[in-house]
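Residue numbers (the numbering used here), protein chains in the order written: chain A, 58 to 553; chain B, 58 to 553.
This is the structure we're talking about:
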């Protein structure tokens, strides 16, 4: 199948079941009320089942679309109008997958035995405390779950939860599995492949087993395979900012996970220094985000977790103050959803809608989105943020999963109501501007001093500037005339 | 200090902060509305702080009474009228304890360094998969948490949560710590010491590190020390029933944790065979319970978790059916509080009030309590069960801790209202009978056939019989005349 190269315009990121209700319904939204806003869409895991123990990130069958959401034809149809990004979960499969269930039943006699990692596959002669303490994991405990496979007790490698069984990506069976998944995705027109949790994908004794040279080699192989099938690769890694810069040089696309905490820090304190520094050094082959289906990652701006002497974009004290500020601005709701309190897989992420993190203040909410849209890269907007959604305390209470605070299920009425709100209307206008104004194809500069932050684009005569007072959160966008419209100023504060 | 030997009469088990509000207030309840009902009371952890990460089971200072609950003098005062049982948390202390905080700061240079266990203290030369897979732990994962102590990464031994740091009970510092705790308790008149989680207390390479010969030796030492100070010892272990029987032969007192699931199984199915079998073989130096501050333990009646070929009191299929039945009877509430769903430390326990597990059916609720009170041993009644409390879904939602479903905070009005209910009045009457009728000092027999279960006590002329139709849950108690009252029959069904 041939198709145009993936677009670099704005993308939506959403669960098909939580926005629209299915892949065709999500397609209808993108072609209806959202026409002209987004060039692409990241559909969060829609494989079988989409509602497992980790909201689709624990597939039982990664090569099948969950029939409750649609079919591969629905994905292919969407891909005719929008660049489709989809997750490739390379590190693990569900404990309920047919392959692992066979290993549970038959142990070493299962043909799938080699497909999964155990402690002994990496450390055949055992390991001592120093060796095991070296393994990187942004959560408590070691990544092993004792299980009986056939008749023998084993320590199965489970980086995330005991329901997510790590693949041995070096084994023949593991490779074949990944090939099948990749082919299923690209055959349906998926143009961007997000490598979920790939930093943990390769385990190498004597190392942290996180983003080692062996991991890079693995990413290189996956990237080559994806490119051969016409797709780009996005690497998902939460890590120290310097490691992110190094990784960006070696892959197609990375996330800019430093941006969300820096935007909050800037709007909370009025201090633009850390954000300016980041805008100066950050890689531009990045997907920018404010909110995602996961929490707000503070590990990305703090001192290095692996080599603790390397400073971060923020000091440890600033990170602590940032986390406290999110809790304060959200009226304590994020505290209930974060850390030990809410069985989180990652205690370094704060769970909160971005709108609540900004006190439900429409001006700051829009200012934050404007910073994202004026930052180089492909802007990706999470559906809850787009609709200025608030913390879903009911869902959090029902599931006890911290991240569900920011994973509201919108019904059609709620979606309809959001289109009428000033905050969402203004963000949609900014997205249209970002998508179509020629200035964004040119050169980017950061200007202003102190609390006045100016993000400026220039492309011949075409200019677009975001002028923001970080202290008050008051901002405006000034754009030159272009083929679509006259020169104008867009004030980023609601009419009172 | 001298005091009478601990009583073998009924005991209450409660948190001072959740019933009464303080140790003096709990004392006032026991001497007021509950006078003549209980001979003893297990006050759940009242150390500093009583409200840590594990509801008091993670003491920062185990030798201090939390000042919000009272003083050691309040404990000593209660001990003048009631046998006081208190927890001795022998396996771990809070990560926030002064000693561990010093180890975090200074590593090996801390004088407390030897007090805590790491991977390397047990496996100095490392360990392989088979060795580590041997460690027994009724929850997922290995019992290690990577932490930086001083400047060095270590794997700290954390059997329960990363906030509970395991002691090296073989070290001089560990021994001195336990001595201080024991002395603090017995000095305040505590007559029964509950050894919390003692089965995990001793780690021995090459073994499961659970109830090994080395663990028994440790329990023997603790028991000798407690007896020398006038106290008995209760050993808390959830395990296969045959292991429980073996343990009971070697210690003062064990829990009868098999009784609660067997009572539910009996009342759900009308099948009395498993309960009869247990009543035939169980140890009588047991504290009987239906509900406790923890969940309903199904590991105690199932096939052996350590040697999977040893059958349980119930088959695996019966255990599964039992768990499903609890979920059904509680209208699904227990499912929200159990297993992976609710960040439980123990996925083998079902969290639900006993009243909800019996469908809030007053007759079955009272029948269950009657079975407990007619079973040999020291009956211990949990405060939520005594007051026929229902699942606290609000508290569960607020904390995300599964066991909080059964840890309601009763205010004075709720307590007052409970005394007026038929269920609580009848249970109090049964408790008074159990405490004072001479028949219970004699011989115990199980009679009846099929669904008709008769538990009979006889002591000379004094007799007491529980006659129960397990199918319908309808029962009655027949007692002979004694010094306190005439012969009579107590019907265990509410007047309609």
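Glycine residues also receive a C-beta, built at the ideal position from the N, C-alpha and C atoms.
What you are looking at is a predicted structure, and each value in this text was computed from that prediction instead of being measured.
Close Cβ partners of residue i (< 8 Å) along its chain, the five nearest in sequence each way excluded
| i | result |
| --- | --- |
| residue 5/A | Here chain A covers residues 58 to 553 and nothing more, so residue 5/A does not appear. |
| residue 517/B | 495 and 499 |
| residue 83/B | 71, 73, 76, 77, 98, 100 and 135 |
| residue 79/B | 73, 125, 126, 127 and 131 |
The beta strand (DSSP E) enclosing residue i, as first and last residue numbers
| i | result |
| --- | --- |
| residue 306/A | No beta strand (DSSP E) holds residue 306/A; DSSP gives it neither H nor E. |
| residue 526/B | 519–526 |
| residue 249/A | 249–253 |
| residue 237/B | Note, residue 237/B: premise wrong, no beta strand (DSSP E); alpha helix (DSSP H) at 229–244. |
| residue 190/B | That residue, residue 190/B, is in no beta strand (DSSP E); its alpha helix (DSSP H) goes 186–190. |
| residue 65/A | Counting along the chain, residue 65/A falls outside any beta strand (DSSP E), and DSSP gives it neither H nor E. |
| residue 533/B | 531–536 |
| residue 145/B | 140–146 |
The alpha helix (DSSP H) enclosing residue i, as first and last residue numbers
| i | result |
| --- | --- |
| residue 489/B | 479–493 |
| residue 132/B | 129–136 |
| residue 268/A | Taken as a continuous stretch (DSSP letters only), residue 268/A belongs to no alpha helix (DSSP H), as it is neither H nor E. |
| residue 565/B | The requested residue 565/B does not occur in the structure, where chain B is confined to residues 58 to 553. |
| residue 475/A | 469–476 |
Under the three-state DSSP convention, the category residue i falls into
| i | result |
| --- | --- |
| residue 151/A | strand |
| residue 101/A | coil |
| residue 76/A | coil |
| residue 277/A | helix |
| residue 408/B | coil |
| residue 288/B | coil |
| residue 461/A | helix |
| residue 544/A | coil |
| residue 157/B | helix |
| residue 122/B | strand |
| residue 221/B | strand |
| residue 84/A | helix |
| residue 497/B | helix |
| residue 206/A | strand |
| residue 510/A | strand |
| residue 166/A | helix |
| residue 212/A | strand |
| residue 259/B | coil |
| residue 552/B | coil |
| residue 194/B | coil |
Local Cβ density within 10 Å of residue i, reported as buried at 16 or more and exposed below that
| i | result |
| --- | --- |
| residue 338/A | exposed |
| residue 343/A | buried |
| residue 427/A | buried |
| residue 491/B | buried |
| residue 464/A | buried |
| residue 583/A | No information on residue 583/A is available, as it lies outside the stretch 58 to 553 that chain A covers here. |
| residue 390/B | buried |
| residue 167/B | buried |
| residue 295/A | buried |
| residue 225/B | buried |
| residue 170/A | buried |
| residue 400/B | Because residue 400/B sits at a pLDDT of 45, beneath the cut-off of 50, its placement in the model cannot be relied upon, and the point is left open. |
| residue 186/B | buried |
| residue 366/B | exposed |
| residue 393/B | buried |
Other residues of its chain near residue i: CB distance less than 6 Å, five sequence neighbours each side excluded
| i | result |
| --- | --- |
| residue 521/B | 494, 496, 514 and 536 |
| residue 219/A | 202 |
| residue 154/A | 117 |
| residue 115/B | 109, 151, 220 and 221 |
| residue 452/B | 461 |
Neighbourhood of residue i by C-beta, 7 Å cutoff - its chain only, sequence neighbours within 5 removed
| i | result |
| --- | --- |
| residue 163/B | 207 |
| residue 193/B | 265, 266, 267 and 363 |
| residue 308/B | 276, 280, 290 and 292 |
Task: Complete runs of the beta strand (DSSP E) confined to the segment 323–397 of chain A [at least 3 residues] - done: 343–345
TODO: With a floor of 3 residues, list each beta strand (DSSP E) that falls wholly inside the segment 404–455 of chain B, ordered by position along the chain.
DONE: 435–439
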